[in-house]
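Chains as they are written, first to last, in this note's numbering: chain Y, 1 to 82; chain U, 1001 to 1231; chain G, 2001 to 2765. Remarks on the structure that follows.
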């Protein structure tokens, strides 16, 4: 069954304390070449039927207005998966 | 004076907010998230807790509730609104206040008695404080780090919209040590600490005078009643 | 197990069981013994179906049936006088005990263990431990109002300890805070004996009006059996009887998780929903689903009410459609409750659960037969007498053997240890002790817990007991304290258990409350080890005798066996929780002094008792001899005195003396509000015939330090004399000199003490 995938990341210039903590942990575990970590979200919208253009438009709107907080996050991708 | 307190699924400090209103001399009115009827209250408190389990983002789902939509409308018309902790998160998600709130810098939930400076005593919720008065209010959260863009921070500072600032210790990594903000008009205030937990002697923070005797939070609610009487 | 000779649907039915009596069954893999399996065959008059086998295997497991401990736990119900039962509304055997506290109000409380899951998955183990005990409280018809936790970890520096500490504290914080329950106290102990077997005990307390009491029984034929809350998934399958990697079929995913995963938001919603259901009077009986899930809820509700049930298992709402009936019956998915709802109340029930968006399904109904029937579609897969599942499980009388090491252990007294000669050395030892993880500041942990929510917390950590206001109108409240000293219990389980009771009792008394009831969580090694059984036998007797002597009953509790790695069992660790009542929480007493120039008194008598002490173990790595004597008559006199003095407002602060002795107690009382003191010990040493080491570090029982305002001195001393409690002025509080100045020992700057005591746990973790 088809899905629309929405990917969200914290805004580039804002603090990502989770990412920072994970980066520190990775360094401690020996991965010294990782220069940074940023953690985002992947949201799947499931459909019981084929996905239309309208669905994608609607998903983009919802992604911007609700699934992400555009003050602190960016919607980096809205794609269809089958 | 009737002050509404909204309960969302997962709200925790609603009964405490109601008690604070009562102790200040007002009448608390319980409001249900799914109901857009605010029962003609004179002010609204969005209490602390984990509405909707903090799913998606803290306060994100609560911000879309029927009751919240009505609060946003009325707030834009001047209704005094106080957002405490999760309530602050709802105000930020609703765009009634600028910026965002993210996970504490040190990654742990923290419960401590926090010293604050009241930098703006012209709002509906702080008019009974002295300018730059130092108060102690319990703080308890895991996602209390205030962030905003350079421009937003500059604007907030220049327009004196930072109402409370953390003193001595910044417990969560908030930028500019911001603990609480107000909107342009001064009727909407949001803060991370919990004034409703410092209203009753015997149950508030320790003070040098006696254990659990701090009641600095009472003035928040008394201020609101004063603002309503004067309006 | 299900493959051969199955009906078309693939399920093992009662009909199959009758037609194929000799089929091989994996009773051993499910944790049953051969005689237990034969017993089931006798009860049913045929072989059990695989679903029935699953039910019996979880319900007859040690955790659910208490089969190794039952014969000893009976003492708690037997060694009870009528006087003791006066305030007891619900005793042992129910989900939690219920105690009348006056004004038509009651309180329900219990402590439980979640040890093994917390070693495997510390975060979820601890989180679901909190969730489970809170549901037990909720199912009594009460609003949960507070939680406490008792944690025991391995050696502080061991890297695996950090893994467990982080997970457990995060888990308790995550779950408890999201439920909106203040965490008002507990204990944290580090000892390498718990390395492979950390202990995570969780306590919860709830308040209710007398008439709101609910019991877990189905009593009316025709009433509906409704499962509501979270959907049922594969959580914790086999977690109770055995952490099985066996599956019940060859198709589908092979490994089922043995760990339960918790969602505190779901439970918070469930709490509010249930309380509204209770208010509306639509629920006749209610049971929470914990260990053994649906198997337990159905059989217990039926058996408790002497009724039966007819259940359609396909009605269970599932998270995972691939679950087999056996798995559904064993699932330990969290945040689920089972209600008995009279048909006429169904509409109102539905209205309330819908308001809270809580899912529910009607599983069946109560019937007037001594039978539990469970169908899977049209096929009968369970047909058993519920009592045999829920209550008439096996009862073992395990072999008991006096430990071979015991005599040598008791002969190895701490008197062989060299004592420090000069005061400087003793002062150094005191500082070493206060900066060791067991005595250092625990606020790195406790600051991760919300203590303010609900606005009724009158006392919380670091005070000696937690105190919650129950009635906002009158100030009526309850105090709670939990204690156990594994070292003492290892040296002498009987005395050690009495001591745990004495200490919890004393910690309630120092808050100003009157002790009224007891709960316990008995953490021990393997019951298959006769020496451990001896410890258990002794400890339960000690606790039961102690409760009888103090006149307060055990209202319920929990047993956790198998806390051992290979041959090494943990110290017997019977955590005892005491609940007390106070007429007005405004009279409560904190554990440290704030005012200047108050007199500091030592109540009680000090003996040279260093065996099993922190001085011996933490400074000299020595554990041997006999634990400090316990005199419950003295504890009672002390408690009565403290209560009387509290009611008259004579005491500013009161702190009990326990691990680390008088020295640690003085430092803690000074650190509480950062107010120092000037003290002298020569009189004490003379009166009680002690050297300086004993004066500072002895762990004699029935002792408390108090600070009293000068205007109340005369009254206070007279009160002590009248009640025959030894009282000795040992110092004066001192706000000016920021130090603890012990004449003849050292002047310790408060800043220095705080620096040594403050960052220890943060530094480690």
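Each residue gets a CB set at the ideal place from its N, CA and C atoms; glycine is no exception.
Where residue i sits in the DSSP three-state scheme
i, result
"residue 2653 of chain G", "strand"
"residue 1110 of chain U", "strand"
"residue 2388 of chain G", "helix"
"residue 2253 of chain G", "The predicted model places residue 2253 of chain G with a pLDDT of 36, which falls under 50 and marks its position as unreliable; any figure quoted below should be read in that light. In the structure shown, residue 2253 of chain G sits in coil (DSSP, three-state: anything other than H, G, I, E or B)."
"residue 2248 of chain G", "Residue confidence for residue 2248 of chain G is low, a pLDDT of 36 falling below 50, so the modelled location carries little weight and cannot support an answer."
"residue 2081 of chain G", "coil"
"residue 2376 of chain G", "strand"
"residue 14 of chain Y", "coil"
"residue 2289 of chain G", "coil"
"residue 2405 of chain G", "coil"
"residue 2243 of chain G", "Reliability fails at residue 2243 of chain G, whose pLDDT of 31 lies under 50, so the model's placement of it is uncertain and no value is given."
"residue 2593 of chain G", "coil"
"residue 2161 of chain G", "helix"
"residue 2003 of chain G", "Bear in mind that a pLDDT of 42 at residue 2003 of chain G, under 50, signals an unreliable position, so the number given afterwards is only what the model happens to contain. Note: residue 2003 of chain G maps to coil in three-state DSSP."
"residue 2741 of chain G", "strand"
"residue 1175 of chain U", "helix"
C-beta atoms of residue i and residue j nearer than 9 Å
i, j, result
"residue 2097 of chain G", "residue 2088 of chain G", "yes"
"residue 2546 of chain G", "residue 2535 of chain G", "no"
"residue 2459 of chain G", "residue 2518 of chain G", "no"
"residue 1065 of chain U", "residue 1218 of chain U", "no"
"residue 2709 of chain G", "residue 2595 of chain G", "yes"
"residue 2132 of chain G", "residue 2219 of chain G", "no"
"residue 2216 of chain G", "residue 2367 of chain G", "no"
"residue 2487 of chain G", "residue 2612 of chain G", "yes"
Neighbour flag for residue i against chain Y, beta carbons, 9 Å
i, result
"residue 1105 of chain U", "yes"
"residue 1092 of chain U", "yes"
"residue 1098 of chain U", "yes"
"residue 1095 of chain U", "yes"
For residue i, the nearest candidate out of the options (CA to CA)
i, options, result
"residue 16 of chain Y", "Y/36, Y/45, Y/42", "Y/36"
"residue 2616 of chain G", "G/2693, G/2746, G/2223", "G/2693"
"residue 2173 of chain G", "G/2067, G/2126, G/2744, G/2198", "G/2126"
"residue 2572 of chain G", "G/2580, G/2562, G/2636", "G/2562"
"residue 1028 of chain U", "U/1196, U/1210, U/1159", "U/1196"
"residue 2343 of chain G", "G/2384, G/2281, G/2335, G/2334", "G/2281"
"residue 2016 of chain G", "G/2380, G/2418, G/2398", "G/2380"
"residue 2447 of chain G", "G/2469, G/2159, G/2176, G/2468", "G/2176"
"residue 1049 of chain U", "G/2618, G/2443, G/2657, G/2178", "G/2178"
"residue 2336 of chain G", "G/2231, G/2398, G/2414", "G/2231"
Residue i beta carbon near the ligand ATP (any heavy atom closer than 8 Å)
i, result
"residue 2320 of chain G", "The ligand ATP is not among the ligands present in this structure, which contains no ligands whatsoever."
Cβ of residue i within 9 Å of any chain U Cβ
i, result
"residue 4 of chain Y", "no"
"residue 78 of chain Y", "no"
"residue 2251 of chain G", "For residue 2251 of chain G, the pLDDT reaches just 38, beneath the cut-off of 50, and the residue's location in the model is therefore unreliable, leaving the point undetermined."
"residue 69 of chain Y", "yes"
"residue 2264 of chain G", "yes"
"residue 2736 of chain G", "no"
"residue 2751 of chain G", "no"
"residue 2144 of chain G", "no"
"residue 2457 of chain G", "yes"
Whole-number beta carbon distance between residue j and residue i, since they are thought to touch under 8 Å
i, j, result
"residue 2225 of chain G", "residue 2309 of chain G", "6 Å"
"residue 2206 of chain G", "residue 2143 of chain G", "6 Å"
"residue 2696 of chain G", "residue 2430 of chain G", "6 Å"
"residue 2305 of chain G", "residue 2332 of chain G", "Their Cβ separation, rounded to whole angstroms, is 24 Å, which puts residue 2305 of chain G and residue 2332 of chain G out of contact at 8 Å."
"residue 1113 of chain U", "residue 1205 of chain U", "4 Å"
"residue 2618 of chain G", "residue 2438 of chain G", "6 Å"
"residue 2533 of chain G", "residue 2400 of chain G", "5 Å"
Cutoff 9 Å: residue i Cβ touching any chain G Cβ
i, result
"residue 1050 of chain U", "yes"
"residue 1037 of chain U", "no"
"residue 1209 of chain U", "yes"
"residue 1053 of chain U", "yes"
Test: residue i CB closer than 9 Å to a CB of chain B
i, result
"residue 1110 of chain U", "In the displayed structure, chain B is absent; the protein chains listed are Y, U and G."
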